[in-house]
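Protein chains in written order, with this note's numbering: chain G, -7 to 99; chain W, -7 to 99.
Using N, Cα and C, we set each Cβ at its ideal position, and we do this for glycine too.
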DNA sequence: TCCTCATTTCGCGTAATCACGAAATATGGA
DNA sequence: TCCATATTTCGTGATTACGCGAAATGAGGA
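Shown next as structure tokens:
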């Protein structure tokens, strides 16, 4: 994870529709969801949806796999993890004590 | 954390200079860093810096505290934590097994 | 091969974002 | 009070992102 990848990823998430799409894919799980179904659930025009999925894919936040006629989209949670690590890298100059309790793990 | 807050936060991080500023503040720690020092370290014009700090503050990613003549900026890591939780909310439809190993905690 | 469904690419008008100079405001010292 | 330092606000021109209709492409099935 470097600066420019992180910017692409944050930029991809910084949009109402794309954030909805990503969260939907997270909830749907790793098996993937057909693009068309995403569009139907969120009421999106095909070209608009396609553009947003492409943006998310370019940013490494989702992956696409063709399954017969459909394209299944699934989230890449490793990228989310990479973003967090990048953000908190060398937190408090490496001083564990100063950092403790500032960002408790999601669990 | 709701959708529109998350969008503001991701949007704030989706910018080269702002991402640098935020990471710098994370590394500097919770005691805070004077705005001017941030500007000097990253070579930013005062008005540009001020605008970016305001954006980060509006997004809840940093907090500002006046200390005599200077304004100290410190990161709010709870917001980062909130963003991650929001992103991964109801991951895999709540199926722990399907979700396991997809996003190992940063630690 | 021909047709249809699923998805992507292109093009355009509109709207939001950016950097930065200049001016305004806040704070404490002489 | 007057001034210097630290920071914010305002205005402007240039770049970039958005939604979406129309057309193109890809992948089976008849």
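Step through the CB atoms of chain W and report whether any lies within less than 7 Å of the CB of residue i.
{"i": "residue 76/G", "result": "yes"}
{"i": "residue 46/G", "result": "no"}
{"i": "residue 98/G", "result": "Note on residue 98/G: pLDDT 44, under 50, position unreliable in the model; no value is reported."}
{"i": "residue 6/G", "result": "yes"}
{"i": "residue 30/G", "result": "no"}
{"i": "residue 62/G", "result": "no"}
Near residue i, what residues of its chain come up, given a Cβ to Cβ distance below 7 Å and the 5 sequence neighbours on each side ignored?
{"i": "residue 48/W", "result": "4, 10, 13, 14 and 54"}
{"i": "residue 1/G", "result": "51, 52, 53, 71 and 75"}
{"i": "residue 38/G", "result": "31"}
Using a Cβ-Cβ distance cut-off of 7 Å, determine whether residue i contacts chain G.
{"i": "residue 90/W", "result": "yes"}
{"i": "residue 27/W", "result": "no"}
{"i": "residue 82/W", "result": "yes"}
{"i": "residue -1/W", "result": "yes"}
{"i": "residue 56/W", "result": "no"}
{"i": "residue 79/W", "result": "yes"}
{"i": "residue 43/W", "result": "no"}
{"i": "residue 85/W", "result": "yes"}
{"i": "residue 21/W", "result": "yes"}
{"i": "residue 3/W", "result": "yes"}
With distance defined between alpha-carbon atoms, name the residue in the options nearest to residue i.
{"i": "residue -5/G", "options": "88/G, 77/G, 25/G and 86/G", "result": "77/G"}
{"i": "residue 63/G", "options": "-2/G, -1/G and 24/G", "result": "24/G"}
{"i": "residue 8/G", "options": "60/G, 44/G, 58/G and 59/G", "result": "44/G"}
{"i": "residue 61/G", "options": "-3/G, 27/G and -7/G", "result": "27/G"}
Among residues of its own chain, excluding the 5 on either side of residue i, which ones have a beta-carbon nearer than 8 Å to its beta-carbon?
{"i": "residue 68/G", "result": "52, 53, 54 and 55"}
{"i": "residue 22/G", "result": "66 and 67"}
Given a cut-off of 7 Å, decide if residue j and residue i are closer than it, judged by their beta-carbon atoms.
{"i": "residue 82/G", "j": "residue 19/W", "result": "yes"}
{"i": "residue 72/W", "j": "residue 75/G", "result": "no"}
{"i": "residue 6/W", "j": "residue -1/G", "result": "yes"}
{"i": "residue 41/G", "j": "residue 31/G", "result": "yes"}
Using DSSP with H/G/I as helix, E/B as strand and the rest coil, what is residue i?
{"i": "residue 98/G", "result": "Unreliable positioning characterises residue 98/G in this predicted model, as indicated by a pLDDT of 44, which lies under 50. A coordinate reading is not provided."}
{"i": "residue 10/W", "result": "helix"}
{"i": "residue 26/G", "result": "strand"}
{"i": "residue 80/W", "result": "helix"}
{"i": "residue 64/G", "result": "strand"}
{"i": "residue 56/G", "result": "strand"}
{"i": "residue 36/W", "result": "coil"}
{"i": "residue 0/W", "result": "helix"}
If I measure Cβ to Cβ from residue i and keep anything under 6 Å in the same chain, skipping five residues before and after, which residues do I get?
{"i": "residue 29/G", "result": "none"}
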